[in-house]
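Working notes, structure below.
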Amino acid sequence: MMNGLPKIDEVTALEYTSLKVPYELLNKRFRTAQKSLDRHNFRVREASNELTKVVDAEKVNDIITVGQIAPQTQTIMERLDALQESFGQVVTDEMSMAKLLESRINYLKEARSTWKREAWKHQRIDRLIIDHLLRSGYFETAQKLAEQSDVEVMCNKSIFMIAKQVEDSLSRHETDRCLEWIMDNKSKLRRMKSSQRMQAVLYTQKHFSTLPPQLWTGAVLKLMEHSSFNACLCMGMSAMKTPHCRPDPTSR
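Residue numbers (numbering that gives the first Met the number 0): 0 to 251.
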């Protein structure tokens, strides 16, 4: 690091998404888990308050039977069990993402290893091709190449499969999967200042009719047109052409 700025090299330039994807998934699962645990905590407190009300109401008799508080106690136990189960699932989900992030960090560290560098470079070419295949919808081919190259841990297959499901549902004139995806990524879309949701609402308010056929088959939801594979291919072609370039005295 020089002058407080991180060193930019081919690894940091090309491997941004390798760490960004698991980080975002971990962050998303953390927020989802937080909301889930908050809901369960609220339900436990709600049941506890009901039990307190029953106890306070029966204090005048100085005797509270088991039968009087049994329903409320049973409710509390059921909700505590649900909270415990949810907590266990939350920990499992977050740990799986944390381990994925750790695995990718360890893999990227191998790029600095002299004796592994050549093999690592060959794997990176395969990973760029896999990423391009996933973006193009060739999931089976991408999976076979990932298994052959032993780079499955570095592939973002699940992300592209979800995007493909949304695109396929829209091509069938179905909006349920798309709306589910929007709700699932609402906070992220808001931070990106995406206007697609608002445009859809305004269109509905104005027309309130079925979409024209051409809009269903258009690029309603598309991924980046230029992948890392495209960028590397363009850079490689430019690097091969550059030595053959000569100054043109007639050019302006």
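The C-beta atom is built at its ideal place from N, Cα and C for all residues, glycine as well.
| Query | Result |
| --- | --- |
| Three-pair Cβ contact test at 8 Å for the stretch 111-125 versus the stretch 74-94 | no |
| Among Glu49, Ile62 and Val89, nearest to Pro70 - alpha-carbon criterion | Glu49 |
| Limits of the alpha helix (DSSP H) - the one that Val150 falls within | From DSSP, Val150 is part of no alpha helix (DSSP H); its letter is neither H nor E. |
| Three-state secondary structure assigned by DSSP to Asn184 | coil |
| Exposure label - Cys233; buried when at least 16 CB within 10 Å | exposed |
| Counted within 10 angstroms of its Cβ, other Cβ atoms place Ser148 as buried (16 or more) or exposed | buried |
| Residue closest to Ala230, alpha-carbon to alpha-carbon, out of Arg176, Ala162, Ile124 and Ser194 | Ile124 |
| Reference Arg44; option with closest CA among Glu77, Val165, Val65 and Asp183 | Glu77 |
| Burial state of Val20 (16 or more Cβ within 10 Å) | buried |
| Exposure of Phe159, with buried meaning 16 or more beta-carbon neighbours within 10 Å | buried |
| Whole-angstrom distance between Met94 and Ile62, CA atom to CA atom | 48 Å |
| Collapsed DSSP secondary structure at Ala218 in the structure displayed | In this prediction, Ala218 has a pLDDT of 49, which is less than 50 and means its spatial position is unreliable; what the coordinates show is noted afterwards. If DSSP states are grouped into helix, strand and coil, Ala218 belongs with coil. |
| Below-9 Å beta-carbon distance, Cys231 vs any chain C residue | Judged by its chain identifiers, the structure shown contains no chain C, having just a single protein chain. |
| Outcome for Met96 when other beta-carbon atoms lying within 10 angstroms are tallied against a minimum of 16 | buried |
| Neighbourhood of Gln122 by C-beta, 6 Å cutoff - its chain only, sequence neighbours within 5 removed | Ser148 and Val150 |
| Three-state class that DSSP yields for Thr16 in the structure shown | helix |
| N-terminal and C-terminal residue of the alpha helix (DSSP H) that Arg264 is part of | Residue 264 cannot be examined here, being either before or after the span of the chain that is shown, 0 to 251. |
| Contact check, Ser112 vs His39, beta carbons under 9 Å | no |
| Neighbourhood of Phe29 by C-beta distance below 7 Å, restricted to the same chain and skipping five residues each side | Glu93 |
| C-beta contact flag for Gln226 and Arg134 at 9 Å | The sequence shown places Ser at residue 226, rather than the Gln named in the question. Yes, the Cβ-Cβ distance between Ser226 and Arg134 is below 9 Å. |
| Distance between beta carbons of Ser47 and Ala68, contact taken as under 8 Å | Checking the sequence shown, residue 68 turns out to be Ile, not Ala. Actually they do not touch by this definition, with Cβ atoms about 12 Å apart. |
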